[in-house]
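Participant: In UniProt numbering, the protein residues as written are 1 to 179. Backbone N, C-alpha and C define an ideal beta-carbon position, used for all residues, glycine too.
1. Can you list, in chain order, the residues of its chain whose CB lies under 7 Å from that of residue 141, leaving out five sequence neighbours each side?
2. Write down every uninterrupted run of the alpha helix (DSSP H) in the segment 6-63 whose length is 4 residues or greater and which is fully enclosed by it, in chain order.
3. Once DSSP output is grouped into helix, strand and coil, what is the label at residue 65?
4. Identify whether residue 163 lies in helix, strand or coil by the three-state DSSP scheme.
5. How long is the line joining the alpha carbons of residue 135 and residue 145, rounded to whole angstroms?
6. My guess is that residue 90 and residue 75 are in contact by the Cβ rule of under 8 Å, so how many angstroms apart are they, rounded?
7. Hey, out of 25, 7, 121 and 166, whose CA is closest to residue 174's CA?
8. Between the segment 155-164 and the segment 38-52, do three or more beta carbon pairs fall short of 8 Å?
9. Could you give the residue range of the alpha helix (DSSP H) that holds residue 92?
10. Mind the definition here: the segment 30-38 touches the segment 62-80 only if three or more C-beta pairs lie below 8 Å; say whether that holds.
11. Report, in whole angstroms, the separation of the C-beta atoms of residue 71 and residue 95, which I expect to be a contact under 8 Å.
12. What does DSSP give as the partner residues of residue 170 in its beta bridges?
Rendered as structure tokens:
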């Protein structure tokens, strides 16, 4: 059985009501490595959890849309210092990236949450470059960014309880699933 067929059968089993642990045991050691199989199973959105946390997802989408608007305007204004064409391109890029994340959040894609958190954390040192010029603005920006990072990570943990920050959860060398 190839990887594509394994993924299809995993989806069928989970849609059919089989437990995540049972599904993992059935396909463990097959075409997919156990690590990839555990991530595939753990990253499947649970309709009950999605419904339970729909309000939190809507808040996240709203905040992401605000980030996109700020990015669009900020990128445009920054680009105007170079040229009009560059301003349009930079504005579209700075506004488009948050919209891509919003699309991932809307689709309940686990990797969208992970990439958002990792990308935001990697940008934190750059935020302190302007600290000497505007310490209050920098602290406010860092506080807002940290709040968003923690909110996204918290929501990911609620929606995908079988995933760690990166990859599937492992306890004592074994992948564990909530059933």
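Facilitator: On the basis of the coordinates in this document:
1. 127
2. 20-27, 34-42 and 47-52
3. helix
4. strand
5. 15 Å
6. 4 Å
7. 25
8. yes
9. 84-106
10. no
11. 5 Å
12. 175
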